[in-house]
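Sequential numbering of the sequence shown, starting at 27, is according to my numbering. From the three backbone atoms N, C-alpha and C, an ideal C-beta is built for every residue, glycine too. Before any comments, here is the structure.
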Amino acid sequence: MESFAPPSRLLLVCTDNNLSQRLGQDLQAAGYDPVIATSEKDCHLACEEWQPALIVMDRYIGRLSNLELCQRLREAGMSLPIVVLMESDRLEDRIAVLESGADDYLLLPYTPKAFLQMIQLYLKPPVEHGEVLRFDNLSLDLLTRRAERNGRTIDLTMKEYELLKFLMEHPRDVLSREQILENVWGYDFLGESNVIEVYVRYLRLKIELEGEKRLIHTVRGVGYVLREG
Numbered sequence: 027m028e029s030f031a032p033p034s035r036l037l038l039v040c041t042d043n044n045l046s047q048r049l050g051q052d053l054q055a056a057g058y059d060p061v062i063a064t065s066e067k068d069c070h071l072a073c074e075e076w077q078p079a080l081i082v083m084d085r086y087i088g089r090l091s092n093l094e095l096c097q098r099l100r101e102a103g104m105s106l107p108i109v110v111l112m113e114s115d116r117l118e119d120r121i122a123v124l125e126s127g128a129d130d131y132l133l134l135p136y137t138p139k140a141f142l143q144m145i146q147l148y149l150k151p152p153v154e155h156g157e158v159l160r161f162d163n164l165s166l167d168l169l170t171r172r173a174e175r176n177g178r179t180i181d182l183t184m185k186e187y188e189l190l191k192f193l194m195e196h197p198r199d200v201l202s203r204e205q206i207l208e209n210v211w212g213y214d215f216l217g218e219s220n221v222i223e224v225y226v227r228y229l230r231l232k233i234e235l236e237g238e239k240r241l242i243h244t245v246r247g248v249g250y251v252l253r254e255g
């Protein structure tokens, strides 16, 4: 008799009943098991009790913004992927998302197709073998999704990992912004390509400490390339 794995349990942190109902219906139709929390306290309790695979947050949870709640969850040691819902696609807002510790954002109003493609991207299982990509003194473990350089381990968000992986799979190749958006984001992207600059900036901060040579180079008017010096 064929057995099936249970659907992935996801946590919706949302006080907008109409929005949580729409998101929940989309997830259930795709085979997921959504749990809804309407406060910061309920969010923490749901994470402990239900151990969701991913969190989706509405713009405000009571008096807290989703970015404030995200920051508190990260400070509490929560490592699972977090997607926040936003109405603005401005560059400074994207930067705020990353600084809060969120992995990604979904622009409102959303389309079910874009939403589910994003969820699928973050719930992709890691590879089952211990392949490691290497370039110069930088390595990326595809099983743990962690990078290492000069003996230090570098924790990456899911999107940072996907971006670095794509660059390391194509060393010394100049990759256009369009190629990066298509291969790293993988869903119907609703913003402008300068979102890539935001993620490259934070990836550089993690893998290129002071005194270490730059590995990710900007090719003006085209995109980026991973190369020595």
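Looking from the CA of Tyr228, the closest CA among Arg198, Ile180, Glu195, Leu95 belongs to Ile180. Arg171 and Tyr187 have their C-alpha atoms roughly 6 Å apart. Collapsing the DSSP output to three states places Leu182 in coil. A residue is called buried once 16 or more other Cβ atoms fall within 10 Å of its Cβ, and Pro151, having fewer, is exposed. Counting only the Cα atoms, Leu241 lies some 9 Å from Leu164. Counted as a single uninterrupted DSSP element, the stretch harbouring Glu236 is not any beta strand (DSSP E), since DSSP gives it neither H nor E.
Apart from sequence neighbours up to five positions away, the residues of its chain that approach Met184 with a beta-carbon distance below 6 Å are Pro107, Asp129, Tyr148, ordered along the chain. Annotated as distal: Thr41 and Asp68, with beta-carbon spacing of 8 Å or more. Per DSSP, the unbroken beta strand (DSSP E) holding Gly249 starts and ends at 249 to 252.
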